[in-house]
Amino acid sequence: MTMGIDPKDLSEEDLLRELRHMHETRTETLMHGSDDALANHTVRTGELEQEYLRRHPERDVDPERLREGARQR
Numbered sequence: 125m126t127m128g129i130d131p132k133d134l135s136e137e138d139l140l141r142e143l144r145h146m147h148e149t150r151t152e153t154l155m156h157g158s159d160d161a162l163a164n165h166t167v168r169t170g171e172l173e174q175e176y177l178r179r180h181p182e183r184d185v186d187p188e189r190l191r192e193g194a195r196q197r
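Below you can see the structure in the form of structure tokens.
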């Protein structure tokens, strides 16, 4: 069940804006939102993130964000 516009129908700019907004509001929703609000936030964030990954399967992964990179510090 998609809430709002289907992520596949969002422009790249809109998808990135929505993702940023969801990440900015996550803590507030976790700490102060109702159970339904938190569940909806989780679902929508997942939908947007999956669409981003679908569009960018070869995304640039920072080696320091990998387990091996973190151990080399």
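Residue 182 in this note's numbering sits at position 58 of the sequence shown, with consecutive numbering throughout. Glycine residues also receive a C-beta, built at the ideal position from the N, C-alpha and C atoms. Predicted model only: the values in this text are computed from it and were never measured.
Subject >> Local conformation of aspartate 160 per DSSP, three classes >> reply: Looking up residue 160 in the sequence shown gives position 36. Helix, per DSSP.
Subject >> Outcome for glutamate 148 when other beta-carbon atoms lying within 10 angstroms are tallied against a minimum of 16 >> reply: As a first step, residue 148 is located in the sequence shown; it is residue number 24 there, counting from the start. Looking at its Cβ environment, which holds fewer than 16 other Cβ atoms inside 10 Å, glutamate 148 is exposed.
**OP:** To the nearest angstrom, report how far apart glutamate 160 and leucine 172 are at their CA atoms.
**Re:** Taking the sequence shown and counting its residues from 1, one reaches residue 160 at position 36. Taking the sequence shown and counting its residues from 1, one reaches residue 172 at position 48. For the sequence presented, residue 160 should be read as aspartate rather than glutamate. Whole-angstrom Cα-Cα distance: 18 Å.
Subject >> Segment contact, 8 Å Cβ cut-off, at least three pairs: the stretch 155–169 with the stretch 183–190 >> reply: no
Original post:
Does the beta-carbon of leucine 139 have 16 or more other beta-carbons within 10 angstroms, so that it is buried, or is it exposed?
Top reply: What you label residue 139 is simply residue 15 of the sequence shown in a count that begins at 1. Leucine 139 should be labelled buried.
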